[in-house]
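Novice:
2 protein chains.
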Amino acid sequence: MRRLLVVEDDTDLREMVSETLADEGYHVDQAPDGQRGLHLGLTRPYDVLVIDRRLPALDGLDLITRLRARAVAARALMLTALGTVDDRIAGLDAGADDYLAKPFDLDELSARIRALCRRTADATEALRVGAGHLDLAARDAVLADGTRVSLSAREFELLRVLAARPGAVHPRAALRSRVFDEAAAASIVDTYVYYLRRKLGRTVVQTVHGLGYRLGAL
Amino acid sequence: MRRLLVVEDDTDLREMVSETLADEGYHVDQAPDGQRGLHLGLTRPYDVLVIDRRLPALDGLDLITRLRARAVAARALMLTALGTVDDRIAGLDAGADDYLAKPFDLDELSARIRALCRRTADATEALRVGAGHLDLAARDAVLADGTRVSLSAREFELLRVLAARPGAVHPRAALRSRVFDEAAAASIVDTYVYYLRRKLGRTVVQTVHGLGYRLGAL
DNA sequence: CGATGTCATGCGCCGACTGCTTGTGGTCGA
DNA sequence: TCGACCACAAGCAGTCGGCGCATGACATCG
């Protein structure tokens, strides 16, 4: 599922856009100002960012510039009430991939997002877990603050199985059979949970006494 | 140098656009109708195609559709006198990456082409990797500090495959099948990774134990 | 036409890391 | 309070990867 971020201070407009896009099958996150947009954009993997030009806390242009400076590769579509050519040029040269003037047609926005999505085919394939996510391509975990943690093959596999259903309790036996050989020792899962906790923090994998383990937030 | 193709039947407009873009440093080819545009688009490597919607011989929409069917990856910017939302949506869904209504501002066209060019790093000219890049024409790597490192054909090919998705883990088998003969020895990839590290520094290619290699920053 | 150098490839040893086991002490729950 | 369950540490063996070296093909140049 494609992941979008809508950064727009007008609540009505933001929610209307978000709902429309969500109805079309996108996962949509929202941010009401530039600062929160920056934080989400840096810490979560998106395919397309829809960014208003005029934003409180951090201007849309600055937002894109700062995201690009941190090597965020997501496509950016800028919305604006400022319709002049120079505004559009400034937006595009700041790193936006497309520029749409308000008032705009929702169907056109949707079509332009489809066009941008076509180009991110091999981009970030990721599994979200709370505020962090698993980068399936790079095979490492990304924490809420953006820190990347490299995991060994088994560690990553175990975490991925847990992340398939975050919050659910996964019995030891299920984890052992999915991640390790059936013949492995009974305590193998414990040990790898220990490794994960050592790398990702104490609270990431929670013990449910007598039942198994459960994934908390990354 | 970026390569553009302008497909437009209005001679005056085509030449004006072409000259303006040529002045900005692009290599620009021209085609006066869809058929000739199709032929050029299929046989030569372009970064961006500027295509009029209404064309003799072959309609702009059909042109894009046929190019896409033949896996031409160049970005397409569609020009049109038809300004309705439905036209724009039809163009975008046919495979265009951007859509600009006539009359348009030449500076905006130029800015939109710049935006499209940013995204075609992997097309023809140079592949950006972190602060450095690959010079596809000279077949050597340029480091962050500007140092040029000349690579042998195999070394360069291996680096290029890795650079297609920097940060992602590339399994050995995938690298061997893409860069070397299938029949090559199992350790051939290791050896060439060793060569790359020797020339570019230890950190450029990272090992992911049991899985493959990953490209760091140049 | 021979000499020289570069490139592609194969082989093999050694070191490093991973995966897994085992054991001990601590914690939980009834 | 007791038994079961769990956390953690350390160690071991096997595999994987790093790297040097040897060989042969090919191009280049004297």
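Chains as they are written, first to last, in the numbering used here: chain A, 11 to 228; chain B, 11 to 228. Every residue, glycine too, gets a C-beta built ideally from N, C-alpha and C. All of these numbers come straight from a predicted model, not from anything done at the bench.
Residues of chain B with CB closer than 8 angstroms to the CB of D115 of chain A, please, in chain order.
Specialist: The contacting residues are V95.
Novice: Can you tell me whether DSSP reads S28 of chain A as helix, strand or coil?
Specialist: In this structure, S28 of chain A counts as helix in the three-state DSSP scheme.
Novice: When you compare only the Cα positions, how much space is there between R76 of chain B and L68 of chain B?
Specialist: Their backbone Cα atoms lie some 10 angstroms apart in a straight line.
Novice: Going along the chain, which residues of the region 95-111 of chain A sit with their C-beta nearer than 9 angstroms to a C-beta in chain B?
Specialist: The residues in question are V95, D96, R98, I99, A100, G101, L102, D103, G105, A106, D107, D108, Y109.
Novice: Classify E135 of chain B as helix, strand or coil using the three-state DSSP reduction.
Specialist: Residue placement at E135 of chain B cannot be trusted, given a pLDDT of 42 that sits under 50; the coordinates are not used to answer.
Novice: So, is the C-beta of A125 of chain A closer than 8 angstroms to a C-beta in chain B?
Specialist: With 8 angstroms as the cut-off, A125 of chain A counts as an interface residue toward chain B.
Novice: State yes or no: is the beta carbon of D132 of chain A nearer than 8 angstroms to at least one beta carbon in chain B?
Specialist: Because D132 of chain A carries a pLDDT of 47, less than 50, the predicted location of this residue cannot be relied on, and the following value inherits that uncertainty. Taking Cβ atoms only, chain B reaches closer than 8 angstroms to D132 of chain A, which makes this a yes.
Novice: Per DSSP, P113 of chain B forms a beta bridge with which residues?
Specialist: P113 of chain B pairs with nothing; no bridge assigned.
Novice: In chain order, what residues of the same chain lie with their CB nearer than 6 angstroms to the CB of V60 of chain A, ignoring the 5 residues before and after it?
Specialist: Excluding residues within five positions, the ones whose Cβ falls inside 6 angstroms are V16, L87.
Novice: Where in the region 74-99 of chain A do unbroken runs of the beta strand (DSSP E), each at least 3 residues long, occur, reported from the N-terminal end onward?
Specialist: Qualifying beta strand (DSSP E) stretches, in chain order: 85-90.
Novice: Under 8 angstroms, Cβ to Cβ, is there at least one residue of chain B near E165 of chain A?
Specialist: False, the Cβ-Cβ gap to chain B never drops below 8 angstroms.
Novice: Is the Cβ of E118 of chain B closer than 8 angstroms to any Cβ of chain A?
Specialist: Judged by the 8 angstroms Cβ criterion, E118 of chain B is in contact with chain A.
Novice: State buried or exposed for L48 of chain B, treating a residue as buried only when at least 16 other CB atoms are found within 10 Å of its CB.
Specialist: With 16 or more Cβ atoms within 10 Å of its Cβ, L48 of chain B is classed as buried.
Novice: Establish whether the CB of L87 of chain B and some CB of chain A are separated by less than 8 angstroms.
Specialist: No, L87 of chain B lies away from the interface with chain A (no Cβ there is under 8 angstroms from its Cβ).
Novice: I'd like the list of long-range same chain contacts for A136 of chain B, defined as Cβ closer than 7 angstroms, with 5 residues on each side in sequence excluded.
Specialist: Reliability of the predicted coordinates at A136 of chain B is poor, the pLDDT of 48 falling under 50, and the value obtained from them is presented with this limitation in mind. The answer, listed in chain order, is H143, L144, D145, L146.
Novice: Based on the DSSP secondary-structure assignment, which residues constitute the bridge partners of A151 of chain A?
Specialist: For A151 of chain A, which the question treats as bridged, DSSP gives the partners A:L144, A:V159.
Novice: Looking at chain A, which residues of the region 191-223 of chain B have a Cβ within less than 7 angstroms of any of its Cβ atoms?
Specialist: Those would be V218, H219, G220, L221, in chain order.
Novice: Nearest to V214 of chain B by CA position, among B:L221, B:G220, B:Y204, is which residue?
Specialist: For V214 of chain B, the nearest C-alpha among the options comes from B:Y204.
Novice: Between which two residues does the alpha helix (DSSP H) containing V203 of chain B stretch?
Specialist: Counting along the chain, the alpha helix (DSSP H) containing V203 of chain B begins and ends at 198-210.
Novice: Give the range of the beta strand (DSSP E) segment to which L52 of chain A is assigned.
Specialist: Note, L52 of chain A: premise wrong, no beta strand (DSSP E); alpha helix (DSSP H) at 44-53.
Novice: Nearest-angstrom Cα distance between L168 of chain A and A178 of chain B?
Specialist: One C-alpha to the other measures close to 19 angstroms.
Novice: Under the DSSP definition of a beta bridge, which residues are partnered with P181 of chain A?
Specialist: According to DSSP, P181 of chain A bridges with A:G222.
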